[in-house]
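According to this note's numbering, the sequence shown is numbered sequentially starting from 5. Note sheet for the following structure.
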Amino acid sequence: LLGIHLTPTRGRPSSEESWSARRGNLAVNTQMWELDRDPVERIERFAMQFDVYTPTRHMRLDDELVLRAYSMTQFQQLVDSVPSLRIVETYDFHYEIDQPIEVSETVEDVVYVLKKV
5 LLGIHLTPTR
15 GRPSSEESWS
25 ARRGNLAVNT
35 QMWELDRDPV
45 ERIERFAMQF
55 DVYTPTRHMR
65 LDDELVLRAY
75 SMTQFQQLVD
85 SVPSLRIVET
95 YDFHYEIDQP
105 IEVSETVEDV
115 VYVLKKV
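What follows is the structure, given as structure tokens:
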């Protein structure tokens with residue numbers, strides 16, 4: 005399994021995301037926003053901020069991600085360059101096993117199920 009953020013080649017790429025998760029008394033709110041995007045070097049930089057809450061404490065964690073950027077076609081070419089790998093299925097980040105997705109030029113968040121053959 006490989007979760008990856010693809011760079012769309014059609015439409016505008018997302019420049020920020022946020023999401024929340026909770027388990028019992030622990031809650032985490034996350035924000036991510038673009039700092040820089042270099043299409044020639046294929047590097048994307050994002051800032052991330054995690055707000056972590058427990059019943060007695062709040063912590064804020066700040067970080068930065070530096071990612072190698074791949075379009076759908078570039079990632080497909082990368083997989084194709086490894087003769088022993090095949091893409092079995094693709095999903096979005098909702099991880100619904102009965103709802104695979106078709107990757108297109110506008111899709112950004114993909115979970116690839118890869119198989120060694």
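Beta carbons are placed, not taken as given, at the ideal position from N, Cα and C, and that holds for glycine.
Put residue i into one of helix, strand or coil per three-state DSSP.
i, result
"D55", "strand"
"V83", "helix"
"T110", "coil"
"Q103", "coil"
"T11", "coil"
"T60", "coil"
Report, in whole angstroms, the separation of the C-beta atoms of residue i and residue j, which I expect to be a contact under 8 Å.
i, j, result
"Q53", "R64", "7 Å"
"P59", "N33", "In fact, because the Cβ distance is near 16 Å, the residues do not count as touching under 8 Å."
Alpha carbon to alpha carbon, what distance is there between residue j and residue i?
i, j, result
"R72", "V114", "15 Å"
"M36", "R90", "31 Å"
"R16", "F50", "16 Å"
"E93", "F79", "14 Å"
"E45", "L10", "15 Å"
Hey, quick one: how far does the alpha helix (DSSP H) through residue i stretch, first residue to last?
i, result
"L89", "Taken as a continuous stretch (DSSP letters only), L89 belongs to no alpha helix (DSSP H), being part of the beta strand (DSSP E) at 89 to 95."
Nearest to residue i by CA position, among the options, is which residue?
i, options, result
"S19", "K120, Y95, E112", "E112"
"S22", "E48, E38, P12, L10", "E38"
"E76", "D67, D84, V70", "Note that residue 76 corresponds to Met in the displayed sequence, not to Glu. Minimum Cα distance to M76 is reached at D84."
At least one CB of chain C closer than 8 Å to the CB of residue i: is that the case?
i, result
"Y57", "No chain C appears in the structure shown, which is made up of a single protein chain."
State the start and end residues of the unbroken beta strand (DSSP E) segment that holds residue i.
i, result
"S22", "20 to 27"
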